[in-house]
Amino acid sequence: MKITEAKSHTVHYGNILENDEIIDDVLISVFRAPNSYTAEDSIEINSHGSPLIVQKIISLLINNTDVRLAEPGEFTKRAFLNNKIDLSQAEAIADIINSRTSVSLRGARNQLDGLLSSKVHLLRKKLVDLSSFIELELDFAEEDIEFVRRIDLTERIDEILVEIANLLDSYSFGKVVRDGINVAIVGEPNVGKSSLLNHLLRESRAIVSEIPGTTRDTIREEISIEGILLKLYDTAGIRLSNDEIEKEGVKRSREAVQNADLILFVGDVNVGFSDSLSTELRELNPSVKIFKILNKTDLGAKEKFLEDFKISVKTGNGMNQFIEGLKKAAFQDGAYTEKDAIVTNVRHFNCLIKAKENLMRAVETLSKNMSGEFLASDLRAAEIALAEIIGEVTPEEILNNIFSKFCIGK
Ligand SMILES: Nc1nc2c(ncn2[C@@H]2O[C@H](COP(=O)(O)OP(=O)(O)OP(=O)(O)O)[C@@H](O)[C@H]2O)c(=O)[nH]1
Ligand SMILES: [Mg+2]
């Protein structure tokens, strides 16, 4: 039987030959339009895994048929162009392939399932409804009819603005879902920073010793807490030093502080937290969340300090509460759940900003009692910005840029 005559969703066993020589025995799956990934007729060849065999089969096909190699992301691009998925869903496929934690995978999965798309469709529909009233009014301009009261229009635009603001707010968590958070472990020398890193990693990654100034360079490791990626930076203890290497280490500690989303400021149970270091951390990164962690509580505290967590890395005391605190911080104190449409993509974020700006202009147009033509044009611009998210009016250049980031074969 010819493979070109095979039915959809059937699998066929056979040999691939070069002249009379068997290259491999293979399975060929057949998918007929529109029930395939790209919505076009397609086949998939399963051979044995050797790269040499794969290479031979590809060369045979290229040399003897009209087949050519796909461009990066071409399969997904075709799926998009054939209306199998919209643009935000196509981008979700790239995110699924790249996701490294369960939460980022789930976020991308939600986007592929259309959580964001349906939200955007809904907002767009509301805008189209509004626009159609205005257009109608413009058609009857001479008769001076008002189809909706201006005050109602403003109210309805405000409602859409609130929904857009919620989506924009979700981006700060969306970034966490996608890229994780940077966590810098800082403090004075010898307080137990490296010990804390090792404890969180459950391995003895960084050298720990009783000599202050043990860690000289910033060490980066990753852990996942409930599916959120934490990029941990163990740093050199911050203190004044004349030693060139230590000075460079302290400089790198400061850089880690500047790039951090969360700082674990570790202090010794009997020394507490240095005021000058507290001030310095705030100066280096004014908006960052700081956890003050008092370590070595097994030694017994002589004084009281204002801390967020009390731990002993040595005995494990207080570690559970501390990890709970880390989780809460990673999930932004429970502000978002899996069911929310969360914006994780900077392109979507920028489109939403554009929509917001145009809607704010529309509100202004309304308040100034300007002609309906201006209003129609503001609403139209907002609608186009939303349509760009799902790829309904996306310039070719942007499309190419998106798909070129895919790997070949996707
Ligand atoms: N008793 C006690 N000792 C601890 C605890 N945590 C760490 N230490 C000890 O404190 C010393 C310093 O620990 P490190 O983890 O190297 O401290 P650090 O902050 O990384 O030090 P530098 O890299 O030099 O800045 C080591 O001797 C550790 O064994 C703790 O909870 N209790
Ligand atoms: Mg250290």
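In terms of my numbering, the sequence shown opens at residue 541 and continues consecutively. All C-beta atoms in this analysis are idealised placements derived from N, C-alpha and C, irrespective of residue type, glycine included. In this text the structure is predicted, and so the values were computed from the model without any measurement.
heavy atom of ligand 2 below 6 angstroms from T755 C-beta: yes
Helix, strand or coil: how does DSSP classify L609 here? coil
At a threshold of 6 angstroms, does S818 count as lining ligand 1 (C-beta to nearest heavy atom)? no
Just how far apart, CA to CA, sit P935 and E904? 29 angstroms
Is it the case that the CB of K733 approaches a heavy atom of ligand 2 more closely than 6 angstroms? yes
Shorter than 6 angstroms, the distance from the beta carbon of L839 to the closest heavy atom of ligand 1, or not? yes
Pull up the DSSP beta-bridge partners for D808, would you. G812 and N835
For the alpha helix (DSSP H) that S657 lies in, which residues bound it at each end? L655 to D679
Compare the beta carbon distance of I556 and I597 with 7 angstroms and say whether it is the shorter of the two. yes
The segment 751-758 contacting the segment 828-845, beta-carbon criterion three pairs below 8 angstroms: no
Quick one: give me the first and last residue of the beta strand (DSSP E) that I556 is part of. T550 to E558
For E932, verify whether its CB is less than 6 angstroms away from any heavy atom of ligand 1. no
Just the C-alpha distance for R646 and V723, rounded to the nearest angstrom, thanks. 23 angstroms
Using the C-alpha atoms, what's the distance from G613 back to L939? 11 angstroms
For the segment 674-738, list the beta strand (DSSP E) runs that are entirely contained and at least 3 residues long, ordered along the chain. 721-727
Strand pairing of V933, partner residues [DSSP]: Answer is none; V933 lacks a bridge partner.
To which residues does DSSP link S911 through a beta bridge? For S911, which the question treats as bridged, DSSP gives no partner whatsoever.
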